[in-house]
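Residue numbers (the numbering used here): 17 to 515.
In this text, a Cβ means the ideal position worked out from N, Cα and C, and glycines have one as well.
One structure below.
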Amino acid sequence: MSPSNLFSIDVDAHLKKAASHTFGSPSHYPVEWVRSALRRGARQVDIKITRSRIRIRDNGSGLDPASIKTLTYLLDPRQPIIVKEEAVEALQTRTGFGLLALFASSPGKILVENVSASGKTRILFQKGRLSTFDTCGLTTGTCITLFPGTHRDITREKQILQVYCQSVQKEIRLNNRLISRGPMLSLQMAYLKITSSKYISHGTIGIPSTGDLCRLRLLDQEIPYKYVTLPPFKGFIFDAAIEYPYDNQIIKNILNHLTEAVSRLYQWLCQHHAGTSPQIQARIEELIFTHYRLTGDTSFFQYVSPFKVFQSSDTLSLPQIMRQSSTSPIFAVPLGKERLRYNTTGKTVLSLTREQADFLINQQNLPISFLSPLFQKEKQLPKRLYSIKKMLKRIILYFFPNPSRKKIVNLHQLSSSEKFFINTLNEYLSQSSDLFLSHGPVPQAVMIRSRGPFPSIPSKKGKKSHPLFIRRSHPLICKAISAVQKVPGNVEIFIPLII
């Protein structure tokens with residue numbers, strides 16, 4: 017192998033490695049083509065994805081001469097190694113990602129047709145050979161056709177395009193169907209459009225309905241390219257999608273600009289707290305308490321009344337509680353314990369959560385006392401009468417059993433497993449007559465339709481005609497039937513439990 021070929025392989029490896037490290041997923045590269053087309057001013061982008069090829073066409077201003085030159089340097093095997101390396105480095109910038117995406121799928125054939133202010137160009141790379149022409153079939157824009165390798169996930173490529181391009185306001189078509197548009201931020205209680213400023217082009221900021229972290233989506237051409245998760249910034253919790261197509265990291269001035277908008281959203285939510293659902297009210301209270309805990313700022317409490325009055329639909333704000341505590345004592349009961357009885361005559365009583373009580377008592381140093389519930393002594397007479405009535409009923413049923421409660425099930429009405437259980441049980445009882453104290457005949461077990469806490473109604477002494485009643489639907493009897501069906505000897509285990 018010659019040194020030039022060895023260096024050529026290293027350049028190709030460098031190009032593939034740069035593409036794989038730049039794009040998080042091997043199916044992401046079509047998104048970068050769309051972003052590159054939008055950067056060139058395209059108002060319409062048409063993508064077609066099939067098993068054998070990918071084609072993207074736009075009506076933008078076309079690739080500039082510098083991009084055409086860089087692309088030909090990379091595809092031309094006759095170019096020096098140092099020139100190719102410089103071209104690879106040029107693609108590892110935000111403006112060069114569109115061309116770098118051409119090499120992410122290791123294509124065997126590349127066709128680029130381009131119309132720009134400098135003229136028309138047609139580039140064909142196939143089987144290691146590069147051909148360039150000064151004409152093409154387009155009248156405007158750029159058309160790139162790739163014939164990638166066989167290891168592709170077409171479904172994944174389509175899904176990523178639809179998710180990443182849903183907030184683009186231009187016309188994006190995938191296989192002749194318009195990509196449905198959707199909000200960049202979802203599950204927000206409130207959101208606000210951000211106009212252009214010194215640090216941000218435009219964007220949207222919202223207050224999430226769940227979670228305790230800040231999530232930032234950095235956009236380039238309305239397509240996300242970076243997600244940043246932060247702890248609450250200055251006590252605020254928010255989601256933001258901002259157009260920030262720069263390579264440098266987020267600076268503190270950007271977050272300060274965002275928190276100004278978040279503060280207005282917090283204030284708006286607090287002002288509309290009373291007219292929202294209980295779930296949203298609880299979320300708003302959670303946000304302002306978190307903001308106070310992290311910053312010590314109580315300014316939002318003047319707009320919201322989160323403290324509930326006991327056994328009333330009224331609520332109080334922090335300034336109202338502070339004014340009232342200066343003239344009269346305030347009492348409280350735990351929220352959720354309102355069903356208990358309290359002595360509230362002539363008192364101002366609040367229903368407080370644990371967090372609210374900690375805030376008012378320990379943080380605001382307000383003199384609030386918790387009331388103890390009142391317990392009423394039980395009347396013993398009705399309870400004793402009930403016990404006497406229950407005892408009399410048991411005595412009557414013992415000596416005069418109700419026949420209607422013991423409906424005997426005939427043998428032909430039993431299932432095969434129930435018949436086997438009764439026969440096995442009677443056989444065991446006949447062989448173990450010492451289980452009964454009487455010297456008379458051993459009672460026979462029969463199934464009855466009856467409900468009760470015990471699995472059987474035992475035989476009485478001296479009552480030769482009284483059989484051993486087995487409750488058919490009792491859970492213990494059902495388990496015994498199953499166990500005896502498997503192993504007949506198991507009947508010995510259930511005898512002490514049944515008799």
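Beta-carbon spacing of Ser183, Gly198 below 9 Å
As a first step, residue 183 is located in the sequence shown; it is residue number 167 there, counting from the start. As a first step, residue 198 is located in the sequence shown; it is residue number 182 there, counting from the start. Yes, the pair counts as a contact, with Cβ atoms nearer than the cut-off.
Mapping DSSP to helix, strand and coil, what is Ser446?
The sequence position of residue 446 within the sequence shown is 430, counting from 1. In the structure shown, Ser446 sits in a helix (DSSP, three-state: H, G or I).
Identity of the residues DSSP links to Lys301 by a beta bridge
Here residue 301 refers to the residue found at position 285 of the sequence shown. The question names Lys, but residue 301 in the sequence shown is Glu. Per DSSP, none; premise fails for Glu301.
Using the Cα positions of Ala496 and Phe510, report the straight-line distance between them to the nearest angstrom.
Sequence index remark: in the sequence shown, residue 496 carries index 480 (1-based). Sequence index remark: in the sequence shown, residue 510 carries index 494 (1-based). Approximately 7 Å between the Cα atoms of the pair.
Measuring CB atoms only, is the region 346-356 touching the region 309-318, in the sense that at least three cross pairs come out at less than 8 Å?
no
When the Cα atoms are used, what is the spatial distance from Ser83 to Val104?
In the sequence shown, the residue the question calls residue 83 occupies position 67. In the sequence shown, the residue the question calls residue 104 occupies position 88. Going by the C-alpha atoms only, they are around 12 Å apart.
Terminal residues of the continuous alpha helix (DSSP H) containing Ile89?
Reading the sequence shown from its first residue, position 73 is the one you call residue 89. Residue identity differs from the one stated: residue 89 is Tyr in this sequence, not Ile. Unbroken alpha helix (DSSP H) run through Tyr89: Pro81 to Leu91.
For Ile223 and Gln204, which I take to be in contact (beta-carbon distance under 8 Å), what is that distance rounded to the nearest angstrom?
Position 207 of the sequence shown, counting from 1, holds the residue named residue 223. Position 188 of the sequence shown, counting from 1, holds the residue named residue 204. Indeed they touch by this definition, with Cβ atoms about 6 Å apart.
Along the chain, where does the alpha helix (DSSP H) that runs through Glu238 open and close?
Here residue 238 is taken as the residue at index 222 of the sequence shown, counted from 1. No alpha helix (DSSP H) contains Glu238, which DSSP labels as neither H nor E.
Per DSSP, what are the beta-bridge partners of Gln142 in this structure?
Taking the sequence shown and counting its residues from 1, the one referred to as residue 142 is at position 126. According to DSSP, Gln142 bridges with Lys125 and Arg145.
Output needed for Ile304: all residues of its chain with C-beta closer than 6 Å, excluding positions within five of it in sequence on either side, in chain order.
In the sequence shown, counting from the first residue as 1, residue 304 sits at position 288. Cβ neighbours of Ile304 beyond the five flanking positions: Phe316.
In angstroms with no decimal places, state the Cα-to-Cα distance between Ser498 and Gln447.
Within the sequence shown, residue 498 is the residue found at index 482, counting from 1. Within the sequence shown, residue 447 is the residue found at index 431, counting from 1. For Ser498 and Gln447, the distance between alpha carbons rounds to 22 Å.
Verify the CB distance criterion: does Asp92 have a CB-CB separation below 9 Å to chain C?
Of the protein chains in this structure there is only one, and it is not chain C.
Between Ala298 and the rest of its own chain, which residues show a CB-CB distance below 6 Å, the 5 nearest in sequence each way excluded?
Counting from 1 along the sequence shown, the entry for residue 298 is found at position 282. Hits under 6 Å: none found.
Length of the line joining the Cα atoms of Ile438 and Glu354:
On the sequence shown, position 422 is the one that residue 438 refers to. On the sequence shown, position 338 is the one that residue 354 refers to. Roughly 56 Å separates the two Cα atoms.
In whole angstroms, give me the CA-to-CA distance for Val507 and Tyr402.
Residue 507 sits at position 491 when you count from the first residue of the sequence shown. Residue 402 sits at position 386 when you count from the first residue of the sequence shown. Distance between Val507 and Tyr402, taken at the CA atoms: about 39 Å.
Tell me which residue opens and which closes the alpha helix (DSSP H) that Gly114 is part of.
Counting from one through the sequence shown, the residue named residue 114 turns up at place 98. Element bounds for Gly114: Phe113 to Leu116.
Measuring straight from C-alpha to C-alpha, what distance separates Lys33 and Ser147?
For the purposes of this step, residue 33 is identified with residue 17 of the sequence shown, where counting begins at 1. For the purposes of this step, residue 147 is identified with residue 131 of the sequence shown, where counting begins at 1. Whole-angstrom Cα-Cα distance: 25 Å.
Under 9 Å between C-beta atoms of Phe163 and Leu31:
Reading the sequence shown from its first residue, position 147 is the one you call residue 163. Reading the sequence shown from its first residue, position 15 is the one you call residue 31. The answer is no: Cβ separation not under 9 Å.
Can you give me the C-alpha to C-alpha distance between Ser433 and Gly468, rounded to a whole angstrom?
For the purposes of this step, residue 433 is taken as residue 417 along the sequence shown, with counting starting at 1. For the purposes of this step, residue 468 is taken as residue 452 along the sequence shown, with counting starting at 1. Those two C-alpha atoms are separated by around 22 Å.
What are the boundary residues of the alpha helix (DSSP H) that includes Cys159?
Walking along the sequence shown from the start, residue 159 turns up at place 143. Note, Cys159: premise wrong, no alpha helix (DSSP H); beta strand (DSSP E) at Gly157 to Phe163.
On the CB-based measure, 16 or more other CB atoms within 10 Å of its CB, does Ser289 come out buried or exposed?
In the sequence shown, counting from the first residue as 1, residue 289 sits at position 273. The identity of residue 289 in the sequence shown is His, whereas the question assumes Ser. It counts as buried.
Grab me the residues of Lys125's own chain with a C-beta within less than 6 Å of its C-beta, minus the 5 sequence neighbours each way, in chain order.
Looking up residue 125 in the sequence shown gives position 109. For Lys125, where only same-chain residues beyond five positions count, the Cβ hits under 6 Å are Gln142 and Phe163.
Got a sec, what are the start and stop residues for the alpha helix (DSSP H) Pro491 sits in?
Here residue 491 refers to the residue found at position 475 of the sequence shown. Run containing Pro491: Pro491 to Lys502, per the alpha helix (DSSP H) assignment.
Candidates Gln295, Gly505 and Arg487: closest to Phe470 by CA position
Counting from 1 along the sequence shown, the entry for residue 470 is found at position 454. Minimum Cα distance to Phe470 is reached at Arg487.
Count the other CB atoms within 10 Å of the CB of Val131; is the residue buried (16 or more) or exposed (fewer)?
The residue you call residue 131 lines up with position 115 of the sequence shown. With 16 or more Cβ atoms within 10 Å of its Cβ, Val131 is classed as buried.
With a CB to CB cut of under 6 Å and the five nearest residues on each side skipped, what residues in its chain are close to Arg172?
Along the sequence shown, one-based indexing puts residue 172 at 156. So the qualifying residues of the chain are Ser43.
Cα-Cα separation between Ser293 and Gln501, rounded to whole angstroms:
Within the sequence shown, numbered from 1, the residue matching residue 293 stands at position 277. Within the sequence shown, numbered from 1, the residue matching residue 501 stands at position 485. Each residue's Cα considered, the two are about 58 Å apart.
Please report the straight-line C-alpha distance between Gly76 and Pro123, rounded to a whole angstrom.
Residue 76 sits at position 60 when you count from the first residue of the sequence shown. Residue 123 sits at position 107 when you count from the first residue of the sequence shown. Going from the Cα of Gly76 to the Cα of Pro123 covers about 24 Å.
Could you give the distance in angstroms between the alpha-carbon of Ala106 and the alpha-carbon of Thr245?
As a working mapping, residue 106 is identified with position 90 in the sequence shown. As a working mapping, residue 245 is identified with position 229 in the sequence shown. Near 29 Å, if we compare the C-alpha coordinates of Thr245 and Ala106.
Report all residues from its chain with a CB closer than 7 Å to the CB of Arg51; omit the five preceding and five following residues, and keep chain order.
Here the question's residue 51 lines up with position 35 in the sequence shown. Cβ within range, chain order: Gly114, Asp236, Gln237 and Ile239.
In whole angstroms, give me the CA-to-CA distance for Ser333 and Ile72.
Taking the first residue of the sequence shown as 1, we reach residue 333 at position 317. Taking the first residue of the sequence shown as 1, we reach residue 72 at position 56. In a straight line, the C-alpha of Ser333 is about 59 Å away from that of Ile72.
Applying the criterion that 16 or more other CB atoms from any shown protein chain within 10 Å of the CB defines a buried residue, is Lys423 buried or exposed?
The residue you call residue 423 lines up with position 407 of the sequence shown. Burial call: exposed.
Backbone secondary structure at Asp374 - three-state DSSP:
By 1-based counting over the sequence shown, the position of residue 374 is 358. Three-state result, Asp374: helix.
Reference Leu208, options Tyr241, Gln283 and Tyr180, closest by Cα:
As a working note, residue 208 is residue 192 in the sequence shown. Cα-wise, what sits closest to Leu208 is Gln283.
Drop a sphere of 10 angstroms on the beta-carbon of Val128, count the other beta-carbons inside from all chains shown, and report buried for 16 or more, exposed for fewer.
Residue 128 sits at position 112 when you count from the first residue of the sequence shown. Per the 10 Å Cβ criterion, buried.
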